[in-house]
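Asks: Protein chains in written order, with the numbering used here: chain U, 22 to 465; chain V, 7 to 456.
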Amino acid sequence: MSEQFFRKQTFKIYLLILPLVLSNQISFGNDEVNYSGPGDDKNGYDSRDYTTNSLSLEDRKGKKADIIKYVTIKQLGLPELKIPQNNKITREKIELGKKLFFDRRLSLNNTMSCGMCHVPEQGFTNNEIKTAVGIEGRSNLRNTPTLLNVAFNKFLFHDAREFSLENQVWQPVLAHSEMAMPSFGFTIKKLELIPGYKKLFNEAFPGEGINMETFGKAVASYERSLISGNSDFDKWYFGGNKNAVDENVKKGFEVFSGKGGCVSCHTVGKNEALFFDNKLHNTGIGYAESMGILKKIKTKVQLAPGEYVEVDNKIIKSVNQQKKNNDLGLYTITENPEHRWLFKTPTLRNISLTAPYMHNGIFSTLDDVIKFYDEGGFKNELLSPMIKKLDLTQEEKNNLKIFLKSLVGDNINILIADALSTPVGDLTKDDPNWANDTDMGYDN
Amino acid sequence: MHLRKFGVSILGAVLLTISSVTVADETCMSPYMAKIVGQEDYVYVWTLGVEGLGDEQDKLVTIDVNPKSKTYAKVVSVLSVGGRNEAHHSGLSDDRHYLWAGGLDSNKIFIFDVHSNPRKPTLHKVITDFVEKTGGIVGPHTFYALPGRIMVSGLSNNKDNGGRTGLAEYNSKGEFIATHWLPTDGDLRGAKKEGKFADGYGYDIRVQPRRNVMLTSSFTGWSNYMMDFGQMLQDGEAMKRFGNTMVVWDLHTRKPKKVIDVPGAPLEIRCAWGANNNYCFTTTALTSKIWLIYEDDNGEWQGKAVADIGDASKVPLPVDISITADDQGLWVDTFMDGKARYFDISDPFNPVQKFEEQIGSQVNMISQSWDGKRAYFSTSLLGNWDKTGEADEQWVKLYAWDENELALTHKWTIDFYKEKLGRAHQMRFGAYSLYTSKQNKGKEVTMLDK
């Protein structure tokens with residue numbers, strides 16, 4: 022099927038169903054199995070009454086879906102997606118990108134893939150650790166951002182260092198602390214030697230094969246398709262369905278857009294809402310961490326469900342190998358002192374799936390986040406003027422949280438199930454590796 | 007509650023006879039294996055490569071430990087294996103011809119030939135497709151010999167790098183046989199969830215063949231065991247991801263029968279050797295306790311916390327343990343204070359600490375000889391968990407143990423940093439006596455009669 026033919030067909034479908042979507046008469050999200058949420062649920066672990074709710078890994082099979090429609094068809098509450106002229110979306114690119122996304126062989130020692138940090142059932146982030154852990158356990162300073170609706174970002178990474186998904190894709194692959202592939206060329210050569218990839222690249226990019234651009238385009242196409250709108254909030258606010266949410270959601274939105282002032286950065290438009298402003302702000306968290314304001318003499322460490330001890334930080338320091346680097350946000354990129362501790366506004370869509378929160382994962386729950394903003398952030402000379410003490414009542418805080426929970430897209434289960442249906446790529450005997458006696462071209 | 011004591015039935019008599027002849031090792035290894043009851047000739051140290059040190063990669067280090075040798079207490083062989091695989095544990099095949107050693111990170115399994123020339127092991131085979139073959143198990147940890155088999159416990163999985171995992175069964179040639187998933191709430195696989203937890207986590211394996219029982223314990227997933235230790239202790243989310251269970255399995259059918267709550271990361275398992283001692287010990291890394299896993303009067307396996315190890319608020323972190331051949335003593339190493347502690351376990355329900363000594367700034371593994379007179383200690387816990395700065399000592403030390411006087415006497419130290427080797431982790435014994443039918447120069451030999 023040619024790309025042109027495909028584009029015409031999808032446009033016709035779009036015209037046919039657009040009115041239905043806008044009137045909220047059809048849904049993108051229906052599936053019989055709920056895949057959303059961590060397979061190893063630790064909800065309530067702070068209590069001695071905690072009971073496990075762990076899922077079988079064997080049952081994590083997912084269900085394949087035709088997710089290209091999420092790119093080609095506008096979802097309620099979301100703006101129209103702009104797709105780069107030089108990387109038109111196709112099923113072949115999405116499928117190839119998805120396979121690459123979950124392929125652990127795309128790391129130096131075959132252990133890390135994009136999907137090991139952006140875990141689908143954990144909101145395409147990682148609920149289990151505050152900051153990302155890369156190859157050989159190397160520490161990263163920042164919390165893994167969700168990839169849901171990443172296509173709408175003007176800037177990528179918490180510090181806005183990148184501007185297109187196609188370019189962004191390479192950074193984790195080559196970063197020493199993430200996947201640590203030694204070079205573009207070695208990555209491409211390895212892909213050429215892994216059985217199956219040459220054919221898939223040729224199908225997705227006829228006449229181009231495996232190269233720097235096609236690799237970036239393929240993974241970017243998959244990431245671009247992870248679009249999730251049409252939430253209960255959207256159905257009420259943009260779709261006009263008064264029964265889509267309860268009164269607490271509506272009251273929570275009042276706080277959000279009024280007394281709370283959240284909407285200043287997590288913007289909501291007349292016809293759509295990304296819940297971010299494509300800008301960077303200083304909330305004081307980066308400042309406080311850099312200046313050691315958050316440090317205590319002892320750290321509360323959990324030993325078992327409901328069981329904690331206060332551990333002297335000298336003990337913790339004795340096993341802290343990580344080199345201390347302060348995270349200065351946008352300044353890291355520009356070296357402009359005015360840019361210290363500026364971090365990108367994240368989307369709030371699907372926020373209830375993407376804990377822990379903030380650029381460094383400092384807050385475990387939405388309650389923690391709301392409390393932080395209610396108290397006016399951490400004071401510093403560059404603090405955003407929009408961050409100020411709110412004096413919210415407990416009821417207002419509760420409703421604000423309920424509102425935030427209404428922002429889960431209705432196709433989220435389908436996106437997750439589709440991701441889980443993709444086999445994880447692991448080293449086989451047929452793959453390039455010295456222990457498999459594969460000639461990588463270096464043998465004399 | 008009392009231990010179930012068994013009369014000597016006909017079946018029991020047969021098993022007892024077998025056990026008295028062949029079931030034993032240097033106190034902590036598979037009962038299906040020949041043991042060295044006299045002087046060991048070599049200690050094989052599975053060693054982690056360190057960035058900036060020597061060739062920076064993992065290696066099997068062979069130390070000559072026979073006092074009669076001219077190269078006594080010297081490194082006599084170094085075999086680099088490529089990469090920093092997070093070298094961790096190793097285990098010998100039932101005939102002790104091969105040493106299987108795993109990489110918790112790379113998931114490679116290195117099979118060394120240690121019998122052709124015990125002084126200079128060679129790399130016989132590398133299993134590279136462990137994760138793919140097992141359907142997603144990550145972190146091959148314990149290599150435990152069963153007849154004609156090696157059972158491998160995993161620590162994690164390739165889906166979320168969390169703690170849910172399984173056991174992988176291989177034959178002695180290194181061919182994959184089957185995956186046995188740990189029971190979860192989603193699929194208990196026929197096991198009874200006795201308490202509140204069925205987390206599906208894994209760590210160690212031990213068996214009591216007389217009781218047709220296999221036990222497994224539970225640690226944590228890749229994200230945690232690969233993470234900087236200090237960072238992890240400050241990460242409230244990460245600290246929720248530790249195992250709180252042990253599983254009782256039917257050894258022969260490989261089916262889980264019961265999940266027992268053992269909160270706080272139960273790690274090493276050591277089973278008693280006595281013919282009527284139907285119990286095993288474990289220690290919990292986080293809650294710092296000794297747990298007894300025992301068969302009660304009704305034939306049910308139970309778990310009970312029976313002693314504290316140091317002060318839990320100081321995170322002593324009990325790591326390796328070693329039971330004496332007569333089931334009367336249990337060594338417990340605590341990583342953070344670098345101490346070896348000796349508990350009297352003559353009453354398994356009431357262990358009493360009798361002795362402690364600081365071995366170094368950090369200590370992890372202990373391997374004692376069958377007669378208990380020699381105790382080897384090593385330092386490294388995990389590549390990113392070891393101490394920093396001057397406290398990051400890396401060595402293997404030999405001590406002589408006098409049980410009557412309760413005294414450890416230092417014999418020698420090999421500094422693994424000075425030798426540009428790396429971080430010293432697990433130690434396994436080798437002896438020429440294992441590979442000859444005759445007793446060799448005073449070395450006592452018991453061969454597995456096949």
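All residues carry an ideal CB built from backbone N, CA and C; glycine is no exception. Given the structure is predicted, the values throughout are model-derived calculations rather than measurements.
If contacts are defined as beta-carbon pairs under 8 Å, then E243(V) and K151(U) qualify, I think. What distance do you get, rounded to the angstrom?
Replies: So it is a contact: roughly 6 Å between Cβ atoms.
Asks: So, is the C-beta of D52(U) closer than 8 Å to a C-beta in chain V?
Replies: Because the pLDDT at D52(U) is just 49, under 50, the model does not fix this residue reliably, and the point stays unresolved.
Asks: Need the endpoints of the beta strand (DSSP E) that F118(V) sits in, please.
Replies: Taken as a continuous stretch (DSSP letters only), the beta strand (DSSP E) holding F118(V) covers I115 to D119.
Asks: So what does I156(V) bridge to, in DSSP terms?
Replies: Answer by DSSP bridge pairing, in chain order: A151(V) and Y176(V).
Asks: Between L173(V) and chain U, is there a C-beta pair that is closer than 8 Å?
Replies: Not closer than 8 Å to any Cβ of chain U, the Cβ of L173(V) fails to qualify, so no.
Asks: Contact defined as beta carbons within less than 8 Å: I believe I299(V) pairs with R347(V). What is the distance between those atoms, to the nearest angstrom?
Replies: Going by Cβ atoms, the distance from I299(V) to R347(V) rounds to 20 Å, so no, they are not a contact pair.
Asks: On the premise that H95(V) lies in contact with H130(V), defined as a C-beta separation below 8 Å, what is that separation, rounded to the nearest angstrom?
Replies: Between H95(V) and H130(V) the Cβ distance is about 18 Å, and since that is not below 8 Å, they are no contact.
Asks: Quick one: Cα of R125(U) to Cα of V51(V), how far?
Replies: So the alpha carbons of these two residues sit roughly 29 Å apart.
Asks: Can you tell me where the alpha helix (DSSP H) with A308(U) in it begins and where it stops?
Replies: Before going on, a small fix: residue 308(U) reads as Tyr here, not Ala. That run of the alpha helix (DSSP H) goes I306 to S311.
Asks: Along chain U, which residues have their Cβ under 8 Å away from the Cβ of Q237(V)?
Replies: Near Q237(V) (Cβ distances below 8 Å), the residues of chain U are T152, S160, N341 and Q343.
Asks: Does the Cβ-Cβ distance between K295(V) and A313(V) come in under 8 Å?
Replies: Cβ distance < 8 Å, so K295(V) and A313(V) count as in contact.
Asks: Could you check what DSSP says for S68(U) in three-state terms: helix, strand or coil?
Replies: Coil at S68(U), not helix or strand.
Asks: With DSSP run on the structure shown, which of helix, strand or coil describes D460(U)?
Replies: Note: D460(U) maps to coil in three-state DSSP.
Asks: So if DSSP puts H416(V) in a beta bridge, which residue, or which two residues, is it bridged to?
Replies: Paired residues: Y405(V).
Asks: Output, in sequence order along the chain, the residues in the region 219-243 of chain V whose CB is closer than 9 Å to any CB in chain U.
Replies: Cβ contacts with chain U: G227, W228, S229, N230, Y231, M232, M233, D234, F235, G236, Q237, M238, L239, Q240, D241, G242 and E243.
Asks: Give the residues from the region 382-396 of chain U that approach chain V closer than 8 Å (Cβ to any Cβ), ordered along the chain.
Replies: Cβ contacts with chain V come from G382 and S385.
Asks: Considering only residues of the same chain and omitting the five flanking positions on each side of D451(U), which have a CB-CB separation below 7 Å?
Replies: Around D451(U): P216.
Asks: Note down the Cα distance separating A294(U) from V284(U), rounded to an integer number of angstroms.
Replies: Computed Cα separation, rounded: 10 Å.
Asks: What three-state label does DSSP hand Y209(V) in the structure shown?
Replies: Reduced to three states, the DSSP call for Y209(V) is coil.
Asks: Using a beta-carbon distance below 8 Å, is Q323(U) in contact with chain V?
Replies: Yes, Q323(U) lies at the interface with chain V (some Cβ there is under 8 Å from its Cβ).
Asks: Does the region 67-81 of chain U come close enough to the region 387-403 of chain U to have 3 or more Cβ pairs within less than 8 Å?
Replies: Output reads no: the region 387-403 of chain U does not touch the region 67-81 of chain U.
Asks: Which of the three DSSP states is assigned to I383(U) in this structure?
Replies: Note: I383(U) maps to coil in three-state DSSP.
Asks: Roughly how many angstroms lie between the CA atoms of G277(U) and L421(U), to the nearest whole one?
Replies: First, the residue type needs correcting, since residue 277(U) is Phe and not Gly in the sequence shown. Each residue's Cα considered, the two are about 6 Å apart.
Asks: Which first and last residues belong to the beta strand (DSSP E) in which E356(U) is found?
Replies: Neither: E356(U) is in no beta strand (DSSP E) and is coded neither H nor E.
Asks: Beta-carbon of G83(U) versus every beta-carbon of chain V: anything under 8 Å?
Replies: Not one chain V Cβ lies under 8 Å of G83(U).
Asks: Less than 8 Å between the C-beta atoms of A376(U) and Y56(U), yes or no?
Replies: Contact flag unset, no.
Asks: Can you give me the C-alpha to C-alpha distance between G305(U) and I231(U), rounded to a whole angstrom?
Replies: Cα to Cα, G305(U) sits roughly 44 Å from I231(U).
Asks: Look at the alpha carbon of D350(V) and the alpha carbon of D332(V), and state the distance between them as a whole number of angstroms.
Replies: Taking the straight line from one Cα to the other gives about 11 Å.
Asks: Please name the residues in the region 254-272 of chain V whose beta-carbon is closer than 7 Å to at least one beta-carbon of chain U, in chain order.
Replies: Cβ contacts with chain U: P269 and G270.
Asks: Under the DSSP definition of a beta bridge, which residues are partnered with V265(V)?
Replies: BP columns for V265(V) point to K199(V) and V253(V).
Asks: When you compare only the Cα positions, how much space is there between Y463(U) and V190(U)?
Replies: Each residue's Cα considered, the two are about 27 Å apart.
Asks: Do three or more CB pairs link the region 232-239 of chain V to the region 335-345 of chain U at distances below 8 Å?
Replies: Contact between the region 232-239 of chain V and the region 335-345 of chain U is present, because at least three Cβ pairs lie under 8 Å.
Asks: In the DSSP assignment, find the alpha helix (DSSP H) that holds Q415(U) and state where it starts and stops.
Replies: Start and end: Q415 to K426.
Asks: Can you tell me whether S122(V) is buried or exposed? The criterion is at least 16 other CB atoms within 10 Å of its CB, across all chains shown.
Replies: It counts as exposed.
Asks: Is it right to say D15(U) is buried, meaning 16 or more other beta carbons lie within 10 angstroms of its own, or is it exposed?
Replies: Coverage of chain U is limited to positions 22 through 465, which leaves residue 15(U) absent and any answer about it impossible.
Asks: V137(V) to E396(U), Cα distance in whole Å?
Replies: Roughly 48 Å between the two C-alpha positions.
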